[in-house]
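Structure, as structure tokens:
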Amino acid sequence: MKLIDTHTHIYGEEFDEDIVEVIQRAKVAGVEKMFLPNIDITSTDRVFSLCEKYKNCCYAMMGLYPGSVTKDVEGQLSEILAFVEKKDVIAIGEIGLDFYWDKDFAEEQIYAFQTQLDWSKKRDNMPLSIHCRKAFDEILACLKQDNRLKFNGVFHCFGGDKRQAEKVIEMGFYLGIGGVLTFKNAHLAEVVKEIPLSNLVLETDAPYLTPVPHRGKRNEPEYVRIIAEKIAEIKEISLDEVAEVTTENAFKAFQLQN
Ligand code: NI
């Protein structure tokens, strides 16, 4: 069985002690590839050093995370862009809008998102990993303004309703499904039940959003298998089918050769 964790921050300090074991455990669970979204200029070196060490297993995405945007958004973006131009990068991410905590830098966030959408557009529709929190309408407005027929990439940690799911799928995106699916009262289960498997990819967002029954502990790529099992249960299909289809979807979403 082959699984892909399409969104995981295993380059973080939380994994400094045991990254070798973490990757080993992931492989034993069938997780053969992990896609690493960048956060900001403090994490770029960590992302690339892990991807260079684990070639054909860890893949880098480069972008400026909305929660890290400051007044000096221009300076932040130019540093990130240099890496997009020089390094081996499979996607722009994670990028987007996050209005959950505050809206202090709302304007700068929107500017950063639009600019990074532009990077993707100029690079032959490079895949995107989109972070959307309390900002669905604003994200949609930016995507519409970008005026592209079809996007590549993933709406990471999708938390919207069925109507929103259909909207982003129509634009070319896949839905990233993670640990939230295992939480009690998650309306996400209903969405997952109704949306075809051909539109879903798996992710952990490790070290965050740890699935049940490990909630409260650090998340890691191995647990992407728990998400796959949960989807199989909800859709009443086999785990093998979930693995096969979501892995194929991940290759398509990130424009990689299988
Ligand atoms: Ni993330």
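The working numbering puts the first residue of the sequence shown at 1254, with every later residue one more than the last. Even for Gly, the Cβ is constructed at its ideal location relative to N, Cα and C.
Span of the alpha helix (DSSP H) around residue i
| i | result |
| --- | --- |
| GLU1361 | 1359 to 1375 |
| LEU1429 | Per the sequence shown, the amino acid found at residue 1429 is Gly instead of Leu. Run containing GLY1429: none in the alpha helix (DSSP H); it sits in the beta strand (DSSP E), 1427 to 1430. |
| SER1382 | Element bounds for SER1382: not the alpha helix (DSSP H) but the beta strand (DSSP E), 1381 to 1386. |
| ILE1448 | That residue, ILE1448, is in no alpha helix (DSSP H); it is neither H nor E in DSSP. |
| ILE1276 | 1272 to 1281 |
| PHE1389 | 1389 to 1399 |
| GLY1328 | 1326 to 1339 |
| VAL1495 | 1492 to 1506 |
| ILE1348 | No alpha helix (DSSP H) contains ILE1348, which is instead part of the beta strand (DSSP E) from 1344 to 1351. |
| PHE1408 | From DSSP, PHE1408 is part of no alpha helix (DSSP H) but of the beta strand (DSSP E) over 1406 to 1408. |
Closest residue to residue i among the options (Cα-Cα distance)
| i | options | result |
| --- | --- | --- |
| LEU1350 | PHE1408, PHE1404, LEU1428, LYS1340 | PHE1408 |
| TYR1427 | ASP1357, GLU1338, THR1297, PRO1380 | PRO1380 |
| ASN1452 | GLU1361, THR1499, ASP1298 | THR1499 |
| GLN1508 | ASN1378, ASN1438, VAL1477, ALA1481 | ASN1378 |
| ASP1390 | ALA1503, ALA1442, PHE1352, THR1261 | PHE1352 |
| PHE1301 | CYS1385, PRO1319, PHE1336 | PHE1336 |
| ARG1478 | VAL1273, THR1435, LYS1375 | THR1435 |
Bridge-paired residues (DSSP) for residue i
| i | result |
| --- | --- |
| ALA1313 | LEU1289 |
| ALA1421 | Note that residue 1421 is Val in the sequence shown here, rather than Ala. The partner list for VAL1421 (beta bridge, DSSP) is empty, contrary to what the question assumes. |
| LEU1434 | In DSSP, LEU1434 forms no bridge with anything. |
| VAL1444 | BP columns for VAL1444 are empty, so no partner. |
| VAL1454 | GLY1429 |
Residue i, enclosing beta strand (DSSP E) - first and last residue
| i | result |
| --- | --- |
| ASP1258 | 1256 to 1258 |
Distance cut-off 8 Å: residue i Cβ against heavy atoms of ligand 2
| i | result |
| --- | --- |
| CYS1395 | By its list of ligands, the structure shown excludes ligand 2, since it contains just ligand 1. |
Would you be able to state if there are at least three C-beta pairs under 8 Å between the segment 1489 to 1498 and the segment 1460 to 1472? Judged by Cβ distances under 8 Å, the segment 1460 to 1472 makes no contact with the segment 1489 to 1498, as fewer than three pairs qualify.
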